[in-house]
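Report on one structure; see the data block that follows.
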Amino acid sequence: MGHNSAGFFQSPSVSSLLKSKGRAPPKLLSGPEFLTAAHSAAQWPPDQGAEVAFAGRSNVGKSSAVNAITQRKALARTSRTPGRTQQIVFFRLSPSQRLVDLPGYGFARVPAKLRRHWGQVIEQYLRGRTALNGLILVMDSRHPLTELDRQMLAWCAAGQLSVHILLTKIDKLGRNQAVSALRHVSGEVSGMEWVTVQAFSAADYTGVEQARERIMSWLEDRGVDDATRAE
Ligand code: GDP
Numbered sequence: 001m002g003h004n005s006a007g008f009f010q011s012p013s014v015s016s017l018l019k020s021k022g023r024a025p026p027k028l029l030s031g032p033e034f035l036t037a038a039h040s041a042a043q044w045p046p047d048q049g050a051e052v053a054f055a056g057r058s059n060v061g062k063s064s065a066v067n068a069i070t071q072r073k074a075l076a077r078t079s080r081t082p083g084r085t086q087q088i089v090f091f092r093l094s095p096s097q098r099l100v101d102l103p104g105y106g107f108a109r110v111p112a113k114l115r116r117h118w119g120q121v122i123e124q125y126l127r128g129r130t131a132l133n134g135l136i137l138v139m140d141s142r143h144p145l146t147e148l149d150r151q152m153l154a155w156c157a158a159g160q161l162s163v164h165i166l167l168t169k170i171d172k173l174g175r176n177q178a179v180s181a182l183r184h185v186s187g188e189v190s191g192m193e194w195v196t197v198q199a200f201s202a203a204d205y206t207g208v209e210q211a212r213e214r215i216m217s218w219l220e221d222r223g224v225d226d227a228t229r230a231e
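Just so you know, we're using our numbering here: the sequence shown kicks off at 1 and counts up by one.
Now the structure itself:
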């Protein structure tokens, strides 16, 4: 299956995608360790090896997705409290492979100044980080593609960064609604060949395996040689 979201959708695996339940994570994703929580770029780890980052509107289920994918109950913190959302959190998977939890966005109550700061930090990270090999963009399957989600896609386009969209909380939709949510988002991004889409649920583990495969492929794309060198 190529990079094309439409291809993703048309493939016969749509129904298996909605059904696939998670097993134990691949070894690389199973033991992430907290590395650092950074307020500014100066605190980011050295820009080497490979990273995959998670982004999403607050409360869409980003922390739950990170935790389901890595099978750690509380690796990523919930972003329900706006004050806790300003940091970029780095987790180490191997000497040169990391997962990165970006601040949740879209809080109605956050002052404009803070929102601008969020925008600057995220844009700087997405456009300037060489180690970043792909972005997992988490959206609530019932309210996908908000204005800020589209802003994220635009920054990724500018930074030539691959994006994999998780339409999460899919367990809250009936089968027809789930298929139509997938079809809607796939259609919206069909012109962006660097974007793929899948259904996901941290509640019943729909699509966890598929998300892991995408993350592994991005990490191994650049990280393995570096990891070998670093060890
Ligand atoms: P975050 O703010 O994006 O990190 O969101 P959280 O992971 O904290 O999730 C927000 C709320 O949605 C919590 O109450 C979760 O239990 C719930 N939630 C997250 N993922 C799912 C899911 O896949 N299915 C269902 N039904 N609820 C979910």
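Quick reminder that beta carbons are idealized off the backbone N, C-alpha and C, glycines included. Keep in mind the model is a prediction, meaning the values are calculated, not measured.
Close-in-space but distant-in-sequence residues of the same chain around residue i (CB under 6 Å, 5 per side omitted)
| i | result |
| --- | --- |
| F90 | L35, T36, P45, R98 and V100 |
| F54 | K62, V66, D101 and I136 |
Any non-hydrogen atom of the ligand FAD within 8 Å of residue i CB
| i | result |
| --- | --- |
| G174 | For the ligand FAD, the structure offers nothing, since it holds only the ligand GDP. |
CB contact below 9 Å: residue i versus chain B
| i | result |
| --- | --- |
| K27 | No chain B is present in this structure, which holds just one protein chain. |
Check whether residue i and residue j have beta carbons under 9 Å apart
| i | j | result |
| --- | --- | --- |
| A203 | S58 | no |
| K172 | R212 | no |
| G56 | V138 | yes |
| A41 | S96 | no |
| N133 | L219 | yes |
CB-CB length for residue i against residue j, believed under 8 Å
| i | j | result |
| --- | --- | --- |
| D140 | T168 | 6 Å |
| C156 | L182 | Going by Cβ atoms, the distance from C156 to L182 rounds to 20 Å, so no, they are not a contact pair. |
| A131 | D221 | So it is not a contact: roughly 11 Å between Cβ atoms. |
| I215 | V60 | 18 Å between Cβ atoms; not a contact. |
Neighbourhood of residue i by C-beta distance below 8 Å, restricted to the same chain and skipping five residues each side
| i | result |
| --- | --- |
| L145 | M139, V185 and E188 |
| Q236 | Because the chain in this structure spans residues 1 to 231, residue 236 falls outside the shown range and cannot be described. |
| P32 | T70, R72, L75, F91, R92, L93 and L99 |
| I170 | L18, S141, A178, A181, A199, F200, S201, T206 and G207 |
| A24 | S30 and Q71 |
| Q124 | A41 |
Close beta carbons around residue i, own chain, < 7 Å, minus the five adjacent residues each side
| i | result |
| --- | --- |
| Q87 | A37, A38, H39 and P103 |
| Y105 | R57, S58, W118 and L148 |
Take every Cβ of the region 184-198, pair it with every Cβ of the region 150-169, and state whether three or more of those distances are shorter than 8 Å. yes
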